[in-house]
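Q: Each residue of the sequence shown is one higher than the last, beginning at 1362 in my numbering.
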Amino acid sequence: MPGKILEPLEPLAGCIKWLPHKDALVPPDPAIDEGCCNHPVVILSTGPWHGSVEILIITSFGGRNLETKYPTDQAYHVLARHNYLPITPNRAHPDNGILLALGDPSQKLRKDSYINTRDRHIVSLTSLQPYNRKGPEIFLSERSYQTLVQHISFTKKYVPLTEEDVYLPGRMEEGIAYPTQLGWKGDPVDLPRLKDDLESEGRLLGGFIWSIFILYGLYRGGVFWWLWRIGYSIAYTLGWLLEIVD
1362 MPGKILEPLE
1372 PLAGCIKWLP
1382 HKDALVPPDP
1392 AIDEGCCNHP
1402 VVILSTGPWH
1412 GSVEILIITS
1422 FGGRNLETKY
1432 PTDQAYHVLA
1442 RHNYLPITPN
1452 RAHPDNGILL
1462 ALGDPSQKLR
1472 KDSYINTRDR
1482 HIVSLTSLQP
1492 YNRKGPEIFL
1502 SERSYQTLVQ
1512 HISFTKKYVP
1522 LTEEDVYLPG
1532 RMEEGIAYPT
1542 QLGWKGDPVD
1552 LPRLKDDLES
1562 EGRLLGGFIW
1572 SIFILYGLYR
1582 GGVFWWLWRI
1592 GYSIAYTLGW
1602 LLEIVD
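1. Going by C-alpha distance, which of Ala1441, Ile1393, Leu1373 is nearest Gly1408?
2. Buried or exposed: where does Phe1515 fall if 16 or more other Cβ atoms within 10 Å of its Cβ makes it buried?
3. Determine, using beta-carbon pairs with one atom in the stretch 1430 to 1450 and one in the stretch 1383 to 1392, whether at least three such pairs fall under 8 Å.
4. Is there contact between the stretch 1380 to 1387 and the stretch 1400 to 1418, where contact requires at least three CB pairs shorter than 8 Å?
5. If you draw a straight line from the alpha carbon of Lys1430 to that of Thr1487, how long is it in whole angstroms?
6. Could you check how far apart the C-beta atoms of Ile1476 and Ile1459 are, in whole angstroms? I think they sit under 8 Å.
7. What did DSSP end up calling Ile1393 once you bin it into helix, strand or coil?
8. Measure the C-alpha to C-alpha separation of Pro1497 and Glu1428 and round it to an integer number of angstroms.
9. What does DSSP give as the partner residue(s) for Gln1490 in the beta ladder?
10. Reducing DSSP to helix, strand and coil, say where Glu1368 ends up.
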């Protein structure tokens, strides 16, 4: 008897959802800022990871357009404009000409909106609600989704971290990007191997210093015996400190 044919997973990438009030998040998520809630969002992830997806917030600037919000050519305003991409029926971006479109031209958002590409967030997929209570889901067009991910250098190989993903060196995978406080890093450094290399170099250095003082103390005697003892202590302490570094 042939196995049951499974339905394909619901598509997520480029889907526009609604992030409700913080009290309505399921499960509760204290990491989400209150200002991000009660906004539409666009899903970046092509699939959930431990039930979570990565999103970008969509804003209407309270009815203002991008040129009104950041009108000057000062560096701050230019950078701020770079972080927001307009969605039709908005006007194209004043600097780079980008204008994102929905997959179904007959659909539209309730307000002229922009995607905030500066700040990415990870939320539980169960917290996201449909943008419209009735009717089909709204998606960016495939071309617009590709434009968006290229604009922010988003990689599909990204693994969203959750509370379950405690850092263990053995679980780090080559070629996968990981988020850090300072930005995004790819091909993580093999920290245990780096630690072993430092310890080995420390032992060699300590042994070299120790040998020099032993030979010199034997050659001259007297006060140099005390110098040898001091050198021994320094070398021993250096090796010990490197061994306890975790």
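Every residue, glycine too, gets a C-beta built ideally from N, C-alpha and C.
As the structure is a computational prediction, the values presented were derived from the model and not from experiment.
A: To lay it out plainly:
1. Here residue 1408 refers to the residue found at position 47 of the sequence shown. Nearest option by C-alpha distance: Leu1373.
2. What you label residue 1515 is simply residue 154 of the sequence shown in a count that begins at 1. That one is buried.
3. Not touching, per the Cβ criterion.
4. yes
5. The residue given as residue 1430 occupies position 69 in the sequence shown. The residue given as residue 1487 occupies position 126 in the sequence shown. Rounded to the nearest angstrom, the two C-alpha atoms are 33 Å apart.
6. Within the sequence shown, residue 1476 is the residue found at index 115, counting from 1. Within the sequence shown, residue 1459 is the residue found at index 98, counting from 1. The Cβ separation is near 10 Å, so there is no contact.
7. In the sequence shown, the residue the question calls residue 1393 occupies position 32. Coil at Ile1393, not helix or strand.
8. Position 136 of the sequence shown, counting from 1, holds the residue named residue 1497. Position 67 of the sequence shown, counting from 1, holds the residue named residue 1428. Cα to Cα, Pro1497 sits roughly 32 Å from Glu1428.
9. What you label residue 1490 is simply residue 129 of the sequence shown in a count that begins at 1. Trp1379, per the DSSP bridge assignment.
10. As a working mapping, residue 1368 is identified with position 7 in the sequence shown. Residue confidence is low: Glu1368 scores 39 on pLDDT, short of 50, so the model does not pin down where it sits. Its coordinate-derived value is still stated next. Three-state DSSP puts Glu1368 in coil, outside helix and strand.
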